[in-house]
DNA sequence: ATTTAGTACGTAAGCGGTTACGTAACTCGG
DNA sequence: CCGAGTTACGTAACCGCTTACGTACTAAAT
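Chains as they are written, first to last, in this note's numbering: chain V, 1 to 328; chain S, 1001 to 1328.
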């Protein structure tokens, strides 16, 4: 035996040459059937803005996660299968995908808990940005939403001395949204400021939702000194609406976001926000799946990635000295 | 026979119930081996900015293409496999992917022509934004880069009466880049203006490359009246650099882009550019693959999607009246 | 020269579904 | 009550590869 294949190099080379010549392709189906391993990991994510514009979409969070996952998978010699759940169409899609892959990454709330749990019993499953992992007993990867938002709110309160800080929240059901609001409350509590039970306004994590939220705040008469938004997209809408209403940002009111989308740095004023390692998130999730595939260890893993405060101008700062401080 | 399955409903339901109860998942490998159809279409794309920042990436073109492809695939009951080629690693990756899918979408220049051609002989292949389809005899889908850039340049020349119009080109090898420059030249020729053989400056389609290009133009002393950029990202860098150098845009010099990224609308001034239906591109490619899978028609198909002029402020306009005019 | 070990290749049994067919039961008209 | 036609289910081959094992052959040891 001259090499791993069990055939002599001469024979092997000859066969390979002919194979290439006639354009032979090994059948992935047959191979994976025999090896009981498809070499594919799947990503299931929710398709938001399903009705949206066909072009000029925002640099969606999930796109970055997918890119990171793709890199990790390809680096490991696997391929990445992606599928978006829309509305209630999730179950069948998930079953179909689950049959084709070795393991599954489930982003945010792409699938109901009980589906996640039952899939978790059949193959390695990792949930992303979703604390339901504890309930469903599958691995999870998330970012430090709470710590990031706490750091940001503390910055606004301490560095800028603002005391009337409003919060524009994301969808109530979003775990990210809940955690961010929790971080905001922690910062207020620490600062001995009044701690609201609910966000001042609830948005839907979109630009348009942010605009609506800002209009609501304007209609209430008295604006807070700062508006902390649950994500960058809503901050975009808030910013636009305030400026259109002749409110000066940050002179009259500070505005902050969360995510650090590419666009944040190009706004006027540049948006102070919290950066999260979106690609690393995807990569970490794929890693977790692959690790689980290799070992028999049954203990549930849970990794939390750090976020970092990205200070720009919209909070009132003229410096960027604090950039890059990790929160976890 | 009471339904398509060939078994009575009673039996069928009973089996299905038990299957669900014990968490049975049909094996995709076995199924696809037997049916000779995996229900997966693959997308191969080049991973640019492979060394880039881990977060806050720009809303890359290919992300949108992938989202469009995903929608089309899922709608057709298929799944989407994605893999990025980096540098020369393409061949093996492509073969591995090709074995697992029913058809393949190859974005831009993710793979050398001869690999594309040989894959095209084994399974349905569609190339995207790449005129090599003609050479390699596979289907292709692209956008009207030339017409879009012609319309944009004509706008700058006719509406604003600018005669010294510079061009910041993308990579010489990029088909998109070449076509856009060709459209620019067509517009100049029609306007009886001098037609340059090469772009004034060559960039690499990145923000940083745009900044370098702008600096080069500034160093040459005399700026043109307008700077037409090969894509939005370069326009970003150009804009930033000009403004930092106290050049007023568009008063002193007009600047335009191409792609209509989400960020374009948030710049100061908002960027006049050409919009291309990135998601539709991906969807059209998947459709083409699926169609080819169904029929035996061997004639090469080639679809070209329209682009549209998106007029904002950076060209000197104060109106948006011309928005949305299709170019093809 | 004959055994022994080791290498190189042939062979057949799956992997888990699908498909094509065969057979048993059941329907119905005459 | 019987045979033709229909319906419902069993059965086995097969998809294309992997794996395990068996056999032929070569080289070194007795």
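Built from N, CA and C at the ideal position, the CB exists for glycine as well.
In terms of Cβ geometry, residue 108 of chain V and residue 157 of chain V do not form a close pair [threshold 8 Å]. Contacts with chain S at 8 Å (Cβ-Cβ) include residue 100 of chain V.
Residues of chain S with a Cβ closer than 8 Å to the Cβ of residue 122 of chain V are, in chain order, 1023, 1025. Within the region 1142-1171 of chain S, complete alpha helix (DSSP H) segments of at least 4 residues are found at 1145-1154, given in chain order.
Here the alpha carbon of residue 1254 of chain S sits roughly 6 Å from the alpha carbon of residue 1314 of chain S. For the region 1139-1162 of chain S, the set of positions with a beta-carbon nearer than 8 Å to some beta-carbon of chain V is empty. In this chain, the alpha helix (DSSP H) harbouring residue 1175 of chain S covers 1175-1190.
For secondary structure counted as the alpha helix (DSSP H) over 4 or more consecutive residues, the region 1234-1262 of chain S holds no complete run. Around the C-beta of residue 180 of chain V, 16 or more other C-beta atoms lie within 10 Å, and the residue is accordingly described as buried.
For residue 80 of chain V, there is no enclosing alpha helix (DSSP H); the residue is part of the beta strand (DSSP E) that begins and ends at 79-85. Assigned with DSSP and collapsed to three states, residue 1130 of chain S falls in coil, not helix or strand. Scanning chain S for C-beta atoms nearer than 8 Å to the C-beta of residue 266 of chain V yields 1236, 1263, 1266, 1267, reported in chain order. Under DSSP, residue 1226 of chain S shares a beta bridge with S:1165, S:1254. Residue 1299 of chain S counts as exposed, since fewer than 16 other beta carbons sit within 10 angstroms of its beta carbon. For residue 116 of chain V, the enclosing alpha helix (DSSP H) covers residues 113-122. Taking 8 Å as the cut-off, the beta carbon of residue 165 of chain V is found closer than this to the beta carbon of residue 228 of chain V.
The C-beta of residue 67 of chain V comes closer than 8 Å to at least one C-beta of chain S. In this structure, the beta-carbon distance from residue 303 of chain V to residue 41 of chain V does not fall below 8 Å.
Straight-line measurement puts the Cα of residue 1276 of chain S at about 8 Å from the Cα of residue 1305 of chain S. Between residue 1097 of chain S and chain V, the shortest Cβ-Cβ separation is below 8 Å.
By the rule that beta-carbons nearer than 8 Å mark a contact, residue 63 of chain V touches chain S. The beta carbon of residue 282 of chain V does not come within 8 Å of any beta carbon belonging to chain S, so the residue lies off that interface.
Judged by their CB atoms, residue 65 of chain V and residue 234 of chain V are not nearer to each other than the 8 Å cut-off. Rounded to the nearest whole angstrom, the C-alpha separation of residue 317 of chain V and residue 246 of chain V is 20 Å. The alpha-carbon of residue 1265 of chain S is positioned some 49 Å away from that of residue 295 of chain V.
Inter-residue distance for residue 1149 of chain S and residue 1129 of chain S is about 15 Å (C-alpha atoms, whole angstroms). Between the alpha carbons of residue 1160 of chain S and residue 1152 of chain S lies a distance of about 11 Å. Counting C-beta pairs closer than 8 Å gives fewer than three between the region 1100-1116 of chain S and the region 83-92 of chain V, which falls short of the contact rule.
Annotation for residue 249 of chain V: 239, 242, 243, 255, 269, 314 place their beta carbon closer than 7 Å to its own, counting only its chain and skipping 5 residues before and after. In this structure, the CA atom of residue 1073 of chain S is about 6 Å from the CA atom of residue 1079 of chain S.
The closest CA to that of residue 39 of chain V, considering only S:1099, S:1178, S:1140, is found on S:1099.
Just so you know, the alpha carbons of residue 18 of chain V and residue 1117 of chain S end up roughly 17 Å apart.
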